[in-house]
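Only one structure is covered here, and it is reproduced in the block below.
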Amino acid sequence: MGIQRPELTNSQIEFIKGSPLYFVASAPSGSGGHINCSPRPVDWSFFIDSPKRVGWLDLVGSGIETIAHIKENGRIVLMFCSFGPKPLILRLHGRGVVHEPADEFFDGVVARAGKSLGIRAVVAVDIERVSTSCGYGVPLMEFVGNRSTIDEWIERKGQEGLADYRKNNNLASIDGLTGLDVEKIC
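If you're matching positions, the sequence shown starts at 41 in our numbering and goes up one per residue.
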């Protein structure tokens, strides 16, 4: 039987820090629209502000679903899985907030990260519920490493190319929900 609590424990924080990846799921309001689930690395881009708040620096990508869903209704869940010998699934349910360039929170988090090229937003999640489940069905796997493809692509595009890409691909979700604010794309 799983355990539910309102915030992360120290052991759960350590589990997250040792995880190679997590999944982010979001959905638009109502019965229509597309549910989204995205894998993300637990690397320099992920942060834990407190047992009640986590987030990530969102790199430019081909879609904008998570950001659009958060802007519409705030609902989000993050899921971490153990792929090692000790099974566990950890879910963080909460409310997300999207911070775009020129936002004080965005600027502070990006400054701490030490790199900015390719970051289109900072997503902060205020945790409302933390739950665990057994994880017995999660396969055993070995982490080989993070891909360098996104970093190489970002470098090739450069600041101007990335701004054009975001304007062409990140203003609206596949359901037509608002994505990035065109005025804040730099």
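Note that beta-carbon positions come from the ideal geometry of N, C-alpha and C, so glycine has one too. On a predicted model such as this, the values are computed, not experimentally measured, just so you know.
Under the three-state reduction of DSSP, which class applies to residue i: helix, strand or coil?
i, result
"Trp193", "helix"
"Thr49", "coil"
"Glu168", "strand"
"Val64", "strand"
"Gly148", "helix"
"Val82", "coil"
"Asn209", "helix"
"Ile43", "coil"
"Phe123", "coil"
"Asn186", "coil"
"Val222", "helix"
"Leu202", "helix"
"Cys56", "Inspection of the sequence shows that residue 56 is occupied by Ile rather than by Cys. In the structure shown, Ile56 sits in a helix (DSSP, three-state: H, G or I)."
"Ile107", "helix"
"Ala142", "coil"
Answer yes or no: do residue i and residue j have a C-beta to C-beta separation smaller than 8 Å?
i, j, result
"Ile129", "Thr172", "yes"
"Ala153", "Gly95", "no"
"Pro81", "Asn186", "yes"
In terms of alpha-carbon separation, which member of the options lies closest to residue i?
i, options, result
"Ser102", "Asp221, Leu202, Glu112, Glu195", "Leu202"
"Met181", "Leu211, Ser122, Ala164", "Ser122"
"Pro86", "Gly70, Asn76, Tyr62", "According to the sequence shown, residue 86 is Phe rather than Pro. That would be Tyr62, whose Cα lies nearest to the Cα of Phe86."
"Pro125", "Ser78, Asn50, Phe145, Val178", "Val178"
"Pro60", "Cys77, Ser51, Trp84", "Trp84"
"Ser78", "Val137, Ala142, Met119", "Met119"
"Arg115", "Asp143, Leu99, Gly70", "Gly70"
"Trp193", "Leu99, Ser51, Val222", "Leu99"
Under 8 Å Cβ to Cβ from residue i, same chain only, skipping five residues before and after it: list those, please.
i, result
"Val117", "Val64, Ala65, Ser66, Arg131, Leu132, His133, Gly134"
"Ile167", "Pro46, Glu47, Leu48, Pro91, Lys92, Arg93, Val94, Leu132, His133, Gly134"
"Pro68", "His74, Ala108, His109, Glu112, Asn113, Ser213, Asp215, Leu217"
"Leu220", "Ile104, Ile107, Glu140, Arg160, Ala161, Arg206, Asn210, Leu211"
"Thr1", "Absent from the model: residue 1. The displayed extent of the chain is 41 to 226, so no value can be given."
"Val150", "Leu97, Ser156, Ile159, Val162"
"Ile88", "Leu48, Ile53, Ile56, Lys57, Val94"
"Pro127", "Cys174, Gly175, Tyr176, Val178"
Under 7 Å from any heavy atom of the ligand ZN, does the C-beta of residue i make it?
i, result
"Gly136", "Absent from the structure shown: the ligand ZN. Ligands present: none."
Starting from the C-beta of residue i, find all residues in its chain whose C-beta is less than 6 Å away, skip the five residues before and the five after it, and write them out in chain order.
i, result
"Phe145", "His139"
"Asp147", "none"
Return the chain-ordered list of same chain residues with a C-beta closer than 7 Å to the C-beta of residue i, the five sequence neighbours on each side being excluded.
i, result
"Ala142", "Lys224"
Take every Cβ of the stretch 44-59, pair it with every Cβ of the stretch 163-177, and state whether three or more of those distances are shorter than 8 Å. Yes, since at least three Cβ pairs between the stretch 44-59 and the stretch 163-177 fall closer than 8 Å, the two stretches touch.
When the Cβ atoms of the stretch 103-117 are set against those of the stretch 182-196, are three or more pairs found closer than 8 Å? Using a Cβ-Cβ distance cut-off of 8 Å, the stretch 103-117 and the stretch 182-196 are not in contact, since fewer than three pairs of beta carbons, one from each stretch, lie closer than that value.
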